[in-house]
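Heads up: the sequence shown begins at 0 in numbering that gives the first Met the number 0, then just goes up one per residue.
All C-beta atoms in this analysis are idealised placements derived from N, C-alpha and C, irrespective of residue type, glycine included.
Everything numeric in this text was worked out from a predicted model, so none of it was measured.
Here the structure is laid out as structure tokens; the discussion comes afterwards.
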Amino acid sequence: MIRRKSYCAYVCMIAAGLILSFATNSHSQGRRHIKVILQTQESGTSSQEILQGPSGVIIRRGTVQPSGRIIANEKRTTVQRSNGIFTLVLDGSESILSVATRVPQSQIAYFHDYATGVGYIQRQILFNDVGTSLRVGATTLPDGQIKLRLTPRISYFSAERPGAIDFTEAASELIVPNGQPVSFGGSTASLHEITRQILGYRDRASSSETSLMVTATVQ
Numbered sequence: 000m001i002r003r004k005s006y007c008a009y010v011c012m013i014a015a016g017l018i019l020s021f022a023t024n025s026h027s028q029g030r031r032h033i034k035v036i037l038q039t040q041e042s043g044t045s046s047q048e049i050l051q052g053p054s055g056v057i058i059r060r061g062t063v064q065p066s067g068r069i070i071a072n073e074k075r076t077t078v079q080r081s082n083g084i085f086t087l088v089l090d091g092s093e094s095i096l097s098v099a100t101r102v103p104q105s106q107i108a109y110f111h112d113y114a115t116g117v118g119y120i121q122r123q124i125l126f127n128d129v130g131t132s133l134r135v136g137a138t139t140l141p142d143g144q145i146k147l148r149l150t151p152r153i154s155y156f157s158a159e160r161p162g163a164i165d166f167t168e169a170a171s172e173l174i175v176p177n178g179q180p181v182s183f184g185g186s187t188a189s190l191h192e193i194t195r196q197i198l199g200y201r202d203r204a205s206s207s208e209t210s211l212m213v214t215a216t217v218q
């Protein structure tokens, strides 16, 4: 009788575990994905002055005089470039968005100085190679908007050891409408400087303007 009760209890425990596992998987499968796109758009205008026109030489009784007409034209050229990267995030979870597998040597010092200044590593550790990425968290809100959290992240190789650093203090949070692009740096959203550096975003003069947009869409 005791063995039978123990056996029944054991079967009930297994059944309860299966039900809980099925419920968890069903809940996870019922969650939607959010596509997050980061896009840079750059437009530049260049102008070039062109001098052209007919010319000649007039000879009058042994004297030489130039003769001609010069026309000045100005040529303006507008160039627009757009680059984008994206990742899929499970609603309420995080995903890693790879930006660069290896940054130029001129930028390595920037990330090293920032990491040592904040206290993530000791100054004697030198970076040989650095890769950059963003940890992207996305959650849908009851009003249909999406809450994003962007945490800058670097991975590095050094003679001492390899490693990865999440700059949690530099994380940026923003709320965006579903499917609508939002511009960074304006009144609605802003980025930490380290995130701007990772994304290669720079403020430019009026002759060459760069904008950074983020779009989050529920799939």
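With fewer than three CB-CB distances shorter than 8 angstroms, the segment 79-89 does not count as touching the segment 107-114. Per DSSP, G116 is one residue of the alpha helix (DSSP H) stretching across Q104 to V117. A direct Cα-to-Cα measurement between D165 and T150 gives close to 7 angstroms. Rounded to whole angstroms, N127 and R101 show a C-alpha spacing of 10 angstroms.
Taking the C-beta atoms as reference points, T86 is found nearer than 8 angstroms to V35. Residue state for I124 is assigned as coil, using DSSP reduced to three classes. Between G162 and L147 the beta-carbon gap is near 26 angstroms, outside 8 angstroms, which marks them as no contact. With a 10 Å radius around the Cβ and a threshold of 16 neighbouring Cβ atoms, L133 comes out buried.
In this structure, DSSP gives A163 an extended state, which the three-state scheme calls strand. H191 is bridged by DSSP to nothing; it lacks a bridge partner. Nearest C-alpha to R31 among R160, T39 and L89: L89.
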